[in-house]
Amino acid sequence: MKVDELKAELDQLGIEYPSAAKKPELIELLKESE
């Protein structure tokens with residue numbers, strides 16, 4: 020998953036990317052859901 024795709028995914032969920040970047044488990048969860 021590219022970073023811009025990840026940002027778009029987070030944006031859809033209403034999550035700010037910088038705050039999500041502080042939560043690696045959230046990013047891992049998104050990658051696994053692909």
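Residue numbers (my numbering): 20 to 53. Even for Gly, the Cβ is constructed at its ideal location relative to N, Cα and C. Since we're looking at a predicted model, the values are computed, not measured.
Item, Value
"Check whether LYS50 and LEU25 have beta carbons under 9 Å apart", "yes"
"CA-to-CA distance, GLU44 to ALA27, given in whole angstroms", "17 Å"
"Between the CA atoms of ILE46 and VAL22 - distance to the nearest angstrom", "10 Å"
"Residues of its chain near SER52, where Cβ-Cβ distance is below 6 Å and the 5 sequence neighbours each way are ignored", "none"
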